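To get my numbering, take the position in the sequence shown, counting from 1, and add 161. Cβ coordinates follow ideal geometry from the N, Cα and C atoms, glycine included. Bear in mind the structure is a predicted one, so any value in this text is a computation, not a measurement.
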Amino acid sequence: MGLFTLNIQGVTQVEPVAVDDHYSFNEGDLISGNALVDDIPGGNGQLFLRQFDGTNVNGNSGAITDILGTYGTFHVKANGEFTYELTQDIAPGDHVTETVQYYKISDGQGHTEAGILTLNITGTDVVSGGVEV
């Protein structure tokens, strides 16, 4: 009879890490970004945006979920891309902050993490259509 040795090592699943995002724009600029760009994927290398400011994000490829903010509307995709449509005028030189207190990322394997996204927007002499006055 021979000797048989079996070594069993545990597998630790690395979970994703959400890194808070901060963006600064001037009124009239294209306001866009990607909430996942600084986040760290888990062990499988994948990241998805699952919730944005308490709203579930449509996971279908290319689908856009609209989320009303304080000063405008976010248009977000599950791949983290977003645009922000400012719906209120900001006086020249004034600053407003739009904060998403909670966005949730997932690796698609049940591991999630939450982050915060902040937009700082400075008012300019821009009217509808992006024309300076």
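1. Taking 8 Å as the cut-off, does the CB of residue 221 come closer than this to any heavy atom belonging to the ligand NAD?
2. Spatial neighbours of residue 204 within its chain, please: CB distance less than 6 Å, with the 5 preceding and 5 following residues excluded, ordered by chain position.
3. Would you mind giving the Cβ-Cβ distance between residue 210 and residue 237, rounded to the nearest angstrom? I have them listed as a contact below 8 Å.
4. Any idea if residue 241 is buried or exposed, counting beta-carbon neighbours within 10 angstroms, 16 or more meaning buried?
5. Is the beta carbon of residue 277 sitting closer than 9 Å to the one on residue 197?
6. So what does residue 246 bridge to, in DSSP terms?
7. Check each candidate in 285, 283, 270, 282 and name the one with the smallest Cα separation from residue 207.
By the coordinates alone:
1. Judged by which ligands are present, the structure shown has none, so any question about the ligand NAD falls away.
2. Taking the first residue of the sequence shown as 1, we reach residue 204 at position 43. Apart from the 5 residues on each side of it in sequence, residue 204 sits with its Cβ closer than 6 Å to the Cβ of 174, 175 in its chain, given in chain order.
3. Within the sequence shown, residue 210 is the residue found at index 49, counting from 1. Within the sequence shown, residue 237 is the residue found at index 76, counting from 1. Contact flag correct, Cβ pair sits at about 6 Å.
4. Within the sequence shown, numbered from 1, the residue matching residue 241 stands at position 80. Under this definition residue 241 is a buried residue.
5. One-based indexing of the sequence shown puts residue 277 at position 116. One-based indexing of the sequence shown puts residue 197 at position 36. For the pair residue 277 and residue 197, the CB atoms are not nearer than the 9 Å cut-off.
6. Position 85 of the sequence shown holds residue 246. Partner(s): 234.
7. As a first step, residue 207 is located in the sequence shown; it is residue number 46 there, counting from the start. Of the candidates 285, 283, 270, 282, the one whose C-alpha sits nearest the C-alpha of residue 207 is 270.
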